[in-house]
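Chains as they are written, first to last, in the numbering used here: chain U, 1 to 109; chain Y, 110 to 223. We put the beta carbon where it would ideally sit given N, CA and C, even for glycine. From a predicted model like this one, the values you see are computed outputs, not experimental measurements.
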Amino acid sequence: KNEVEQSPQNLTAQEGEFITINCSYSVGISALHWLQQHPGGGIVSLFMLSSGKKKHGRLIATINIQEKHSSLHITASHPRDSAVYICAVSVQGAQKLVFGQGTRLTINP
Amino acid sequence: DTGVSQDPRHKITKRGQNVTFRCDPISEHNRLYWYRQTLGQGPEFLTYFQNEAQLEKSRLLSDRFSAERPKGSFSTLEIQRTEQGDSAMYLCASTSVSSYNEQFFGPGTRLTVL
């Protein structure tokens, strides 16, 4: 079992829909990261959080430390949101990130 | 551009050849990471430097892989005697305590071993 699991692996939705991507982890963490990867490979950090909730524009990230679970929400989704979304955790006591397998999101116009 | 840069962006090589990739981190970042990402998967940790010291290496990093960061600035990742299974995207990231350990990623080097 991977230390970081994401669901769903693939998600297709229509423009305007509310999107939720889930992430569960099984290790102790110091922070959880949500990352966005577009075709071509570049990875951009969307959020880094260790508790509660963060919001940036149409994106919202939440984390429940007790349940070891995080969600990434996208409101009013747009075709430009199409990308792979990756959940990663900073493992407690270590410097490295451990990544989920990613969720491929496609928003159709 | 003050982001993380990687060179080359693409490399095609024949099996058995040696390849070397370079990563230039954000200048004030003292921590540098190498990750490998195969198609359809999330990245996997390879190794990490704090300044010039290599502090952790993954078991994924076989004897054919070596990484250096000689002056605590840029880093190189060398793969000797490449195998087809080495085909992947090699990602570099950098961070520092002052950026609250948020990692900033380079564009990656895509390696294809024929």
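The DSSP-derived three-state label of Y:Arg118 is coil. U:Phe18 has its alpha-carbon roughly 36 angstroms from the corresponding atom of Y:Pro134. Y:Pro216 reaches chain U at Gly40, Gly41, Gly42, counting residues in chain order whose Cβ is nearer than 8 angstroms. Relative to U:Val98, the option among Y:Glu177, Y:Glu153, Y:Leu170 whose CA is nearest is Y:Glu153. Here the alpha carbons of U:Pro109 and Y:Gln189 stand approximately 46 angstroms from one another.
The continuous beta strand (DSSP E) containing U:Gly52 extends over residues 52-56. A Cβ-Cβ contact shorter than 7 angstroms links Y:Phe214 with Y:Ala202. The bridge partners DSSP lists for U:Asn108 are U:Gln14. For U:Gln101, the three-state secondary structure derived from DSSP is coil. Rounded to the nearest whole angstrom, the C-alpha separation of U:Gly41 and U:Leu32 is 21 angstroms.
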